[in-house]
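*Asks:* Protein sequences appear in the order of chains H and V. For the first sequence, the residue numbers in our numbering are 104 to 216. For the second sequence, the residue numbers in our numbering are 925 to 1040. All C-beta atoms in this analysis are idealised placements derived from N, C-alpha and C, irrespective of residue type, glycine included. If you scroll down you'll find the structure; I have some questions about it.
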Amino acid sequence: GEDVEQSLFLSVREGDSSVINCTYTDSSSTYLYWYKQEPGAGLQLLTYIFSNMDMKQDQRLTVLLNKKDKHLSLRIADTQTGDSAIYFCAESMGGTGRRALTFGSGTRLQVQP
Amino acid sequence: EAQVTQNPRYLITVTGKKLTVTCSQNMNHEYMSWYRQDPGLGLRQIYYSMNVEVTDKGDVPEGYKVSRKEKRNFPLILESPSPNQTSLYFCASSFRARTGKRETQYFGPGTRLLVL
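Structure, rendered in structure tokens:
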């Protein structure tokens, strides 16, 4: 079955890099996503990566995908206090209909000044 | 502005008192879905709808009903709420995913429900 796992908590200092990790079990995943949830808000899509890519960079965000190990990571460079939030990784198989996204449990990122 | 709206945002109710949480999207999306978010469990899908009059169960449908009479609306109904349905609920919508195509779901702001 499909399963996505993340560590629950990460604390970093402002200006450092943050790395949030995620593992998934479904090798047929087509797209993998990172969502951000700020306190009291819904989920905001941050970035995504197609399964045939190893890396994707988008400004301060770098996504690394190790398809062999089914491991996904999100690196945030120069982490700011405004990056404090819960980060969810999610996978989809694209077009399977029943469920578009399977979410991990979320990693709470705390950025200390 | 493209958005998904939910109402109410906060609700306190008592066991057994029927309630409805509304969800509406203005993007003409075919696909709509309800999730509940609980600490340590992430988001779990309750029900989803591929299009008008087409709904199906997600992972945790027990105790919930939905309807999709119009494309833009997808209400979540709790006929007899119980305390274990205390949670944060999110509605989401997207264009229907096609094989190999990227899925982008837009999420509502969430409804925090407390059942006493």
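1. Under the DSSP definition of a beta bridge, which residues are partnered with residue 152/H?
2. Where residue 113/H and residue 212/H are concerned, what is the direct C-alpha to C-alpha distance, given to the nearest angstrom?
3. Reducing DSSP to helix, strand and coil, say where residue 964/V ends up.
4. Please list, in chain order, the residues of the region 131–155 of chain H that have any C-beta partner in chain V closer than 7 Å.
5. Would you say residue 1031/V faces chain H, with C-beta separation under 7 Å as the test?
6. Sort out for me which residues DSSP pairs residue 997/V with in a bridge.
7. Straight-line CA distance for residue 191/H to residue 139/H?
8. Label residue 1006/V either buried or exposed according to how many other C-beta atoms from any shown protein chain fall within 10 Å of its C-beta, with 16 as the threshold for buried.
9. Let me know the secondary structure DSSP gives residue 1009/V once reduced to three states.
10. Have a look at 189/H, 142/H, 173/H, 216/H and flag the residue whose alpha-carbon is nearest the alpha-carbon of residue 135/H.
11. Can you tell me where the beta strand (DSSP E) with residue 190/H in it begins and where it stops?
12. If you count every other CB in all the chains shown that lies within 10 Å of the CB of residue 116/H, and 16 or more means buried, which is it?
13. Which of helix, strand or coil does DSSP assign to residue 199/H?
*Replies:* This is what the structure holds:
1. Position 49 of the first sequence holds residue 152/H. Its beta-bridge partners are 135/H.
2. One-based indexing of the first sequence puts residue 113/H at position 10. One-based indexing of the first sequence puts residue 212/H at position 109. Cα to Cα, residue 113/H sits roughly 5 Å from residue 212/H.
3. Counted from its first residue, the second sequence places residue 964/V at position 40. Coil.
4. 133, 134, 144, 145, 146, 148, 151
5. Here residue 1031/V refers to the residue found at position 107 of the second sequence. At least one chain H Cβ lies under 7 Å of residue 1031/V.
6. Taking the first residue of the second sequence as 1, we reach residue 997/V at position 73. In DSSP, residue 997/V forms a bridge with 948/V.
7. The residue labelled residue 191/H in the question sits at position 88 within the first sequence. The residue labelled residue 139/H in the question sits at position 36 within the first sequence. Roughly 6 Å separates the two Cα atoms.
8. For the purposes of this step, residue 1006/V is taken as the residue at position 82 of the second sequence. With fewer than 16 other Cβ atoms within 10 Å, it is exposed.
9. One-based indexing of the second sequence puts residue 1009/V at position 85. Of the three classes helix, strand and coil, the one that applies to residue 1009/V here is helix, per DSSP.
10. Taking the first residue of the first sequence as position 1, residue 135/H is located at position 32. Ranking 189/H, 142/H, 173/H, 216/H by Cα distance to residue 135/H puts 173/H first.
11. Walking along the first sequence from the start, residue 190/H turns up at place 87. Residues 188–195.
12. Locating residue 116/H in the first sequence gives position 13, where the first residue counts as 1. Exposed, because fewer than 16 other Cβ atoms sit within 10 Å of the Cβ of residue 116/H.
13. Along the first sequence, read from residue 1 onward, the residue named residue 199/H stands at position 96. In this prediction, residue 199/H scores a pLDDT of 47, lower than 50, which makes its location untrustworthy; no coordinate-derived value is stated.
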